[in-house]
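Asker: Got a structure here, written out as structure tokens. Questions coming.
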Amino acid sequence: MSAVSFDERSPIYLQIAGRLRDDIVSGRLADDEQVMSTNQYAAHHRINPATVARAFQELVDEDLLYKRRGVGMFVTPGAGDRERTRRRGRFFDEVLAPVLDQAERLSIPPGDLIAAIRSRHTSKGKQ
Amino acid sequence: MSPSIPLVEPAAGTSSETHAIELRNLAVHFGETVAIDELTTTILSGTIVGLLGRNGAGKTTLLRTLAAYLRPSGGSVRIGGEDPYEHERLMSEVCLVRHDGDFNNDLSVADTIAIAEAFRPRWDPVTLERLLEKFHLTPSRQKVGALSLGQRAALAVSIGIATGAPVTMFDEPHLGLDAPSRYAFYDEMLDAYLATPRTIIVSTHLIDEMAALFEDIIIIDHGALLLHEPAEALRSRGVELTGPVASVDTITAGLSVLSSRTLGPTKSSVVFGHCASDLRARAEPAGVEVGPIPLQDLFVALTSQEPAR
Chain Y
1 MSAVSFDERS PIYLQIAGRL RDDIVSGRLA DDEQVMSTNQ YAAHHRINPA
51 TVARAFQELV DEDLLYKRRG VGMFVTPGAG DRERTRRRGR FFDEVLAPVL
101 DQAERLSIPP GDLIAAIRSR HTSKGKQ
Chain S
1 MSPSIPLVEP AAGTSSETHA IELRNLAVHF GETVAIDELT TTILSGTIVG
51 LLGRNGAGKT TLLRTLAAYL RPSGGSVRIG GEDPYEHERL MSEVCLVRHD
101 GDFNNDLSVA DTIAIAEAFR PRWDPVTLER LLEKFHLTPS RQKVGALSLG
151 QRAALAVSIG IATGAPVTMF DEPHLGLDAP SRYAFYDEML DAYLATPRTI
201 IVSTHLIDEM AALFEDIIII DHGALLLHEP AEALRSRGVE LTGPVASVDT
251 ITAGLSVLSS RTLGPTKSSV VFGHCASDLR ARAEPAGVEV GPIPLQDLFV
301 ALTSQEPAR
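Laid out in structure tokens, this is it:
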């Protein structure tokens with residue numbers, strides 16, 4: 001079995017594309033690094049190759065991957081930076097806003113949130 | 001992700017392109033019993049298709065008709081434009097594997113394999129050998145009738161994969177195969193497909209286990225086609241709405257509701273075929289959560305209704 005399986009609750013190609021983007025953002029996939037072929041990915045994760053191909057094509061369309069004919073697919077130089085910039089743009093609306101809503105429902109004062117951010121920042125800085 | 005492994009795309013333009021399956025108003029009756037009722041659909045060449053349906057829905061009858069074991073009572077079956085019934089060449093290109101193998105119990109394992117090989121022009125002996133080894137089988141003089149249920153099932157799927165038949169169908173291959181054997185079967189089926197794409201149809205109840213392997217899903221119910229669509233499309237078609245009873249009722253009014261459960265003041269309804277983001281826009285202001293549901297649950301919701309008679 002594959003180490004991380006995909007769930008049957010949403011289109012698998014979106015889950016694959018999401019994981020590839022995560023790997024590009026984290027730097028696990030570096031600029032100009034070759035990614036697995038669709039067939040290798042399909043066999044490794046036991047997924048229909050058409051599903052995998054659709055995910056890879058989506059990243060090609062977003063210019064995060066590029067194809068070299070007969071060789072394979074590679075990470076577009078600067079893809080990590082661009083994807084990080086894009087995610088920063090959405091971070092406040094899509095990630096932070098629901099957290100702040102939740103904090104409000106739990107009556108957590110803003111001061112506590114700021115303190116939590118500061119202490120995390122400090123402890124990370126010490127590492 | 002592992003880098004620097006060369007990309008190998010599936011070979012395009014294989015023989016499978018000529019084996020589209022077209023069913024037009026297909027009907028199969030057994031006396032008064034309607035097993036398949038006015039079924040119309042097209043299965044494209046080179047796709048892996050999951051055939052789902054409850055017990056008695058007509059899955060086996062449909063597969064047996066495609067394999068030309070049964071003659072349609074009405075309508076037509078065309079494979080690559082030709083009627084497979086009593087069509088010798090097509091018969092060698094269409095393979096149906098039952099979980100028990102449909103074997104002649106008096107033949108040896110070796111002879112059973114030899115007969116399959118003689119009948120299948122695209123037979124792949126290398127694949128068969130690897131599969132037999134994987135399943136701890138040997139092409140021996142042992143009678144097929146003496147094999148255990150698991151060994152028979154393993155021999156059956158091994159032969160099915162090794163036929164290289166442009167249309168290969170597996171009828172409930174999970175029966176008789178334990179979990180490690182099933183995963184070995186999935187891996188081998190996918191590897192064979194990646195090497196040479198062909199049409200593969202698998203009927204199964206193990207939706208969670210197999211769904212990721214399917215490009216298309218066909219669901220039949222009471223002999224009729226309930227749906228045939230890409231698995232990926234199906235994964236996004238069902239959502240569950242959960243919230244106050246009145247709010248859920250308001251939002252789902254006029255929608256296709258497959259099932260509902262009520263617990264005190266809270267109601268959960270599964271709706272099918274509506275745009276999730278539209279629903280979310282209407283649901284969230286009313287305090288109703290919109291959640292995805294797994295394919296297996298969607299299947300249950302789609303097929304659990306009693307027949308309208």
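These protein sequence lines map, in sequence, to chains Y and S.
Okay, so the first sequence: first residue is 1 according to this note's numbering, each after it adds one.
Okay, so the second sequence: first residue is 1 according to this note's numbering, each after it adds one.
Note that CB positions come from ideal geometry on N, CA and C, so glycine has one too.
Source: prediction; values computed, not measured.
1) Using only CA atoms, which one of 104(Y), 75(Y), 68(Y), 123(Y) lies nearest to residue 22(Y)?
2) I'd like to know if the segment 137-146 of chain S and the segment 86-96 of chain S are in contact, where contact means that at least 3 CB-CB pairs between them fall below 8 Å.
3) Are the beta-carbon atoms belonging to residue 39(S) and residue 51(S) less than 7 Å from one another?
4) Checking 7 Å against the spacing of the C-beta atoms, do residue 212(S) and residue 16(Y) come in under that value?
5) Here's the rule: buried if 16 or more other CB atoms are within 10 angstroms of the residue's CB, otherwise exposed. What is residue 256(S)?
6) Against chain S, does residue 2(Y) count as a neighbour if the rule is that its beta carbon must be under 7 Å from one of theirs?
7) Inspect the CB distances between the segment 238-255 of chain S and the segment 277-288 of chain S and report whether three or more fall short of 8 Å.
8) Quick one: is residue 171(S) buried, meaning 16 or more other Cβ sit within 10 Å of its Cβ, or exposed?
9) List the endpoints of the continuous alpha helix (DSSP H) containing residue 158(S).
10) Counting only Cβ pairs nearer than 7 Å, list the residues of chain Y close to residue 214(S).
11) Between the alpha carbons of residue 62(Y) and residue 77(Y), how many angstroms are there, rounded?
12) What residues from chain S crowd round residue 8(Y), counting only those whose CB sits closer than 7 Å?
13) Residue 8(Y) and residue 295(S) - do their beta-carbons sit closer together than 7 Å?
14) In chain order, what residues of the same chain have a beta carbon less than 8 Å from the beta carbon of residue 27(Y), not counting five sequence neighbours either side?
15) For residue 16(S), would you say it is in contact with chain Y, using Cβ-to-Cβ distances shorter than 7 Å as the test?
16) To the nearest angstrom, how far is it from the Cα of residue 93(Y) to the Cα of residue 75(S)?
17) Which bits of chain Y does residue 48(S) rub up against, with CB to CB less than 8 Å?
18) Below 6 Å CB to CB, which residues in the same chain sit around residue 41(Y) once its five sequence neighbours on both sides are set aside?
19) Between residue 223(S) and residue 37(S), how many whole angstroms is the CB-CB distance? I'm expecting something under 8 Å.
20) How long is the line joining the alpha carbons of residue 252(S) and residue 98(Y), rounded to whole angstroms?
21) Can you say whether residue 229(S) is buried or exposed, counting buried as having 16 or more other CB atoms within 10 angstroms of its CB?
22) Taking 7 Å as the CB-CB cut-off, is residue 188(S) touching chain Y?
23) For the segment 9-25 of chain Y, which residues have a CB atom closer than 7 Å to at least one CB atom of chain S, in sequence order?
24) Please tell me whether residue 310(S) has its Cβ less than 7 Å away from any Cβ of chain Y.
25) Touch check for the segment 122-136 of chain S and the segment 183-203 of chain S: three-plus C-beta pairs under 8 Å?
26) Between the Cα of residue 152(S) and the Cα atoms of 112(S), 200(S), 53(S), 28(S), which residue gives the shortest distance?
27) Does DSSP put residue 29(Y) in a helix, in a strand, or in coil?
28) Could you give the DSSP three-state label for residue 309(S): helix, strand or coil?
29) Starting from the N-terminal side, write out each stretch of the beta strand (DSSP E) that is 3 residues or longer and does not extend beyond the segment 171-198 of chain S.
30) Thinking just about the alpha-carbon of each residue, which of 299(S), 232(S), 259(S) is nearest to the one in residue 6(Y)?
31) Is any beta-carbon of chain S found at less than 7 Å from that of residue 116(Y)?
32) Chain Y partners of residue 278(S), CB-CB under 8 Å?
33) Could you check what DSSP says for residue 34(Y) in three-state terms: helix, strand or coil?
34) According to DSSP, residue 292(S) sits in a beta bridge with which residue or residues?
35) Contact between the segment 159-173 of chain S and the segment 195-208 of chain S: three or more CB pairs below 8 Å?
36) Rounding to the nearest angstrom, what Cα-Cα distance links residue 112(Y) and residue 95(Y) in this structure?
Answerer: Once the coordinates are examined:
1) The shortest CA-to-CA distance from residue 22(Y) to any of 104(Y), 75(Y), 68(Y), 123(Y) is the one to 75(Y).
2) no
3) no
4) no
5) exposed
6) Caution applies to residue 2(Y), whose pLDDT of 43 falls short of 50 and renders its modelled position unreliable; the model cannot decide the point.
7) yes
8) buried
9) 149-162
10) 48
11) 13 Å
12) 208, 211, 235, 294, 295, 296
13) yes
14) 80
15) Bear in mind that the predicted position of residue 16(S) carries a pLDDT of just 42, short of 50, making it unreliable; the figure below should be weighed with that in mind. Cβ-Cβ to chain Y under 7 Å: no for residue 16(S).
16) 56 Å
17) 48
18) 52
19) 4 Å
20) 25 Å
21) exposed
22) Interface criterion not met: the Cβ of residue 188(S) is under 7 Å from no Cβ in chain Y.
23) 9, 10, 11, 12, 13, 23
24) Any answer about residue 310(S) is impossible in this case: the structure gives chain S only from 1 up to 309.
25) yes
26) 112(S)
27) coil
28) For residue 309(S), the predicted model reports a pLDDT of 36, less than 50, meaning its position is unreliable; a value from the coordinates is still stated below. Looking at residue 309(S) - three-state DSSP - the assignment turns out to be coil, as it is neither helix nor strand.
29) none
30) 232(S)
31) no
32) Those within 8 Å of residue 278(S) in chain Y number zero; the least Cβ separation is about 16 Å.
33) strand
34) 239(S)
35) yes
36) 18 Å
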